[in-house]
Every structure is written in structure tokens, then in C-alpha cells.
Amino acid sequence: MEVENCNICDTLEPFRQFFTRKKPMVPMLEKILIIEDEPSIADNILYALSTEGFEARWCASGTEGMAVLAADGISLVILDVGLPDINGFELARAIRKISMVPIIFVTARSSEIDRVVGLEIGGDDYVVKPFSPRELTARVRAVLRRTSGKLPEAHDVRPVSSPFLVDEVRYIVSFMNLPLELSRYEFRLLRVLVQNPGRVFTRTQLMEKAWDEPDMSLERTVDTHIKTIRRKLQAITAGEEWIVTHRGIGYSLKERP
Ligand code: CA
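Numbering (numbering that gives the first Met the number 0), first residue to last: 0 to 256.
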């Protein structure tokens with residue numbers, strides 16, 4: 000975690016506004032829900048998020064958190080693993096039944112978090128207590144950037160002729176009006192391609208756009224996922240190849256003539 004070990008950054012932080020390049024781009028009024036039973040920690044997170052331009056809400060229990068999540072337009076959930084009424088992992092499972100909202104786990108012990116368990120449940124990232132509020136907001140920003148689908152080079156308007164439709168809210172890509180059964184990374188990969196038809200992406204670029212920790216995964220993983228996406232598309236339109244392989248470069252989505 001580069002942020003944590005960056006002493007010089009901490010020293011310079013109060014003066015950042017005087018030499019900073021640009022204020023970080025934060026989408027307007029992204030609502031962040033904090034589910035955390037320790038008021039002092041929640042306070043710190045609330046303060047950090049509000050100074051970074053987010054709108055933050057705090058709930059001290061899982062039950063309360065679920066109610067807010069169901070009612071409000073929440074963009075991301077910061078979820079404490081140790082809650083008084085429910086285990087955070089259990090709550091995440093419950094959340095996943097109704098929503099694909101990004102989740103960042105907050106945990107007291109790093110051993111508590113197993114990346115595999117986190118991925119299975121559908122968490123997007125985690126921080127270990129004690130953490131700096133700055134580290135957390137950086138992670139919030141990164142997760143939102145990754146999951147928002149608002150890639151800078153993406154087309155704003157989907158071509159009318161495209162057989163693909165991305166439902167950002169439900170994390171579903173439909174092809175020929177049929178929802179595809181995709182894993183998380185298949186969804187993220189296909190979304191990148193669909194939003195940029197014809198554009199060739201290298202495996203590295205795809206990794207960076209679709210993976211949580213791109214440099215920790217093998218680029219071959221991209222090939223594996225592309226293969227399964229192709230199989231799923233082939234099941235709908237046999238014989239037609241929608242994802243084009245560019246030898247030695249990467250992949251692109253075929254543009255309709
Ligand atoms: Ca707790």
C-alpha cells in the first residue's frame with residue numbers, strides 16, 4: 000500500500016493545495032454508506048469523505064444499513080466486518096442479493112480477510128484497521144472509478160445498432176436482448192469492450208480497467224476470461240465472432256458494419 004508508507008506525502012499533505020496538479024475528479028454527490036459500529040472510526044471516515052467531496056451516511060448496525068441501502072441511491076458501501084448484529088461478510092452476501100453496489104470491507108485483522116473469500120462474496124476492496132482516512136478515500140475513489148464504467152475514452156452514446164446493452168445498476172450485459180450469465184471479471188471485461196467498439200485494447204489495458212489488482216494477476220487470465228465470454232456469446236449467435244483477436248496486441252469488439 001503505497002499511501003501508507005509514504006511519509007513524505009504525509010508531511011506535505013497540508014500544503015498539497017499549493018502545488019497540487021488538479022483537484023481529484025469526484026463525481027458529483029456520490030453517496031457513500033458507512034456501516035460501522037465504532038463512532039470514532041465512523042466519524043473519521045465521514046470527515047475524510049466529506050472533505051473529498053463525497054456525501055456520506057453512517058449507520059451503526061447492519062439492519063439499519065440494509066434499510067438505507069434499499070431506500071437510497073448509494074454508490075458505494077464501506078462495511079465493517081465486526082458489527083454488533085451481523086457479521087459483515089454475511090451482510091455483504093445479503094447485499095449482493097439485492098444490489099451490485101461496490102463494497103469496501105473494513106476489518107480489524109488482515110487475517111480475517113481472505114482475498115478469495117472477499118471475491119466470492121463480491122467485495123471490491125478492503126482496508127485493515129488502523130488505516131489512514133486518506134488511504135480509505137483513495138480506495139473509494141479507485142473502486143468508484145473502476146466500477147462506474149465512466150472510462151474517459153468511452154463513447155457516451157451507445158451505437159443504436161449494437162446488440163449489446165450494459166445495465167450498470169444490475170451488472171448485467173445483455174446480448175441480442177438476452178442477459179448473459181457473467182462472472183464479475185467477465186462483466187467488467189465485456190463492459191470495457193462494449194463501451195469502446197472497434198477499439199483495440201492490449202491485455203495490460205484490459206487488466207488495468209477490469210481487475211482489482213492488475214499487476215498481481217497474470218495477463219493470461221484475460222485470455223481465459225475472453226474465451227469464456229466468447230463461448231457465452233457463441234451460445235446465442237453460433238458462428239459469429241464478436242471479439243476479435245489482434246495477434247501480439249490484444250482484443251477488440253467487432254463493430255457492426
Ligand atoms: Ca466493529
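Quick reminder that beta carbons are idealized off the backbone N, C-alpha and C, glycines included.
| Asked | Found |
| --- | --- |
| For GLU35 and PHE163, the rounded distance between their alpha carbons | 39 angstroms |
| Cutoff 7 angstroms; reference ARG20; Cβ partners in own chain excluding five residues on either side | Since pLDDT at ARG20 reaches only 43, below the 50 mark, its modelled position is unreliable, and the value read off the structure follows with that caveat. Here the set comprises nothing. |
| Three-state secondary structure (DSSP) of ILE73 | coil |
| beta-carbon GLU63 near ligand 1 non-hydrogen atom, thresh 8 angstroms | no |
| Euclidean distance between Cα positions of GLN233 and GLU239 | 7 angstroms |
| Within the stretch 34–70, ranges of the alpha helix (DSSP H) (whole runs, at least 4 residues) | 38–50, 61–70 |
| Per-residue burial, VAL168 [other beta carbons within 10 Å of its own, 16 or more giving buried] | exposed |
| Any non-hydrogen atom of ligand 1 closer than 8 angstroms to ASP42 Cβ | no |
| Short Cβ contact (9 angstroms threshold) for GLU53 with LEU78 | Checking the sequence shown, residue 53 turns out to be Phe, not Glu. No, these two residues do not count as a Cβ contact at 9 angstroms. |
| Beta-carbon proximity list for VAL191, same chain, < 8 angstroms, skipping 5 on both sides | LEU150, PHE200, LEU205, LYS208, ALA209 |
| Residue span of the alpha helix (DSSP H) that contains ILE228, given as start and end | 219–233 |
| Under the three-state DSSP convention, the category PHE261 falls into | There is simply no residue 261 to check, as the chain begins at 0 and stops at 256 in what is shown. |
| Neighbouring residues (CB closer than 5 angstroms to any heavy atom of ligand 1) | ASP36, ASP79, GLY81 |
| TYR250 to LEU217 span [Cα, whole Å] | 16 angstroms |
| Residues bridged to THR244 [DSSP beta-bridge criterion] | TYR250 |
| DSSP-derived helix/strand/coil call for LEU179 | coil |
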